[in-house]
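Take a look at the structure set out below.
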Amino acid sequence: MSNTSLSASIKNKALEIGYDLCGITTVDLMEEYASHLDERIRSFPESRALYESLYPMAFPQKSIEWIKSIVVCVGRYGKYGIPEGLDNYIGKAYLVDGRLKHSKEYSRKLEFETYLTELGLKTAYSIVPARLAAVSAGLGRIGKNNFFYTEKYGSWVFIDTWVIDSEMEYDEPTRSLNCPEGCNKCVDSCPTRALNKPLSMNRGKCIA
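In our numbering, the protein residues as written are 161 to 368.
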């Protein structure tokens, strides 16, 4: 099977089992994540330990040498009916969290991973920065608040990533902002001041 056919099959399978978006990117693009971490540490030295723990995600090849590509799947939370009493709480997402083994999302993740294995691919789950991978795979953009935004579903989405051991046909990255020029509403309204300026966030202050 050619790289083009294999890429198409993987994307079709993701949509077939219930993901809303799927893209594929090269693992080499993840190295820029390290420069973002460097910048955050310079800006927020008090949160150094939180950021230093993330450096392995910028260089996954150091721990798994066979990595060639990243498959990124995005699902939207908006398809679910959230109980009215929980609708205004951040934690409502955990009702449909794919890390919970009793959830349909967890079963879907396992089904997709099994499919990749049946194609003869080696896989490893969630070892790269999900938002950067999704942007690199052309699935959306980053807003000034550091959230990942899809064109159709907004930011209330979850991202699953798998690294695989085969080169693929890659999607074009989306690098432009998703925010109107001059808008700083998220920065101005951040209750803990974790957002101190556009595209910057002190992880040590964020309560979300």
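C-beta: ideal position from N, C-alpha, C; glycine also.
| Quick one, which of P205, Y211 and P340 has its alpha-carbon nearest R301's? | The candidate whose alpha carbon is nearest that of R301 is P340.
| task | Using the Cα positions of S267 and I170, report the straight-line distance between them to the nearest angstrom. | result | Using only the alpha carbons, I get a separation of about 17 Å.
| query | Which residue's Cα is closest to the Cα of A294: Y330, E199, L359 and R363? | reply | The shortest Cα separation from A294 among Y330, E199, L359 and R363 belongs to Y330.
| said: Bridge partners for D320 per DSSP, in chain order? | reply: Partner(s): C233.
| query | Considering only the beta carbon of each residue, do K304 and P351 sit closer than 8 Å? | reply | Contact flag unset, no.
| said: Going residue by residue through the region 184 to 254, where are the continuous beta strand (DSSP E) segments of at least 3 residues, counting only ones entirely within it? | reply: Within the region 184 to 254, the complete beta strand (DSSP E) runs of at least 3 residues are 229 to 236.
| Inter-stretch contact at 8 Å, needing at least 3 Cβ pairs: the region 318 to 334 / the region 218 to 232 | Yes: at least three Cβ pairs fall under 8 Å.
| field | D188 vs K269 beta-carbon contact at 8 Å | value | When the beta-carbon positions are compared, D188 and K269 stay at least 8 Å from each other.
| Nonlocal neighbours in the same chain, by C-beta distance under 7 Å from Y215, ignoring five residues either side | Closer than 7 Å at the Cβ level, and outside the excluded window around Y215, lie A194 and L197.
| What residues are listed by DSSP as bridge partners for S360? | DSSP, once it has assigned bridges, lists K357 as partnering S360.
| Taking just the CA atoms, how far does N344 sit from N356? | Looking at the two C-alpha atoms, the distance is approximately 10 Å.
| request: On a CA-only basis, which of L175, K173 and V317 is nearest G258? Give me that one, please. | output: Out of L175, K173 and V317, V317 has the C-alpha closest to the C-alpha of G258.
| request: If I'm right that I184 touches M328 with Cβ under 8 Å, what's the distance once you round it to whole angstroms? | output: Yes, they are in contact, since the Cβ atoms of I184 and M328 sit about 5 Å apart, within 8 Å.
| field | Cut-off 6 Å between Cβ atoms - residues of its own chain near C233, not counting five sequence neighbours on either side | value | The residues A174, Y179, C182 and D320, in chain order, have a CB closer than 6 Å to that of C233 in the same chain once the five nearest residues on each side in sequence are set aside.
| said: In whole angstroms, give me the CA-to-CA distance for Q221 and K261. | reply: Each residue's alpha carbon lies about 28 Å from the other.
| Segment limits, alpha helix (DSSP H) that includes Y313 | For Y313, no alpha helix (DSSP H) segment is defined, and its DSSP state is neither H nor E.
| Own chain, CB closer than 6 Å to C366, minus 5 neighbours either side, in chain order | Taking C366 as the centre and dropping the five residues before and after it, the same chain places the C-beta of A354 closer than 6 Å to its C-beta, in chain order.
| Rounded C-beta distance between S207 and N362? I'm assuming under 8 Å. | The pair is a contact, with the Cβ atoms about 6 Å apart (cut-off 8 Å).
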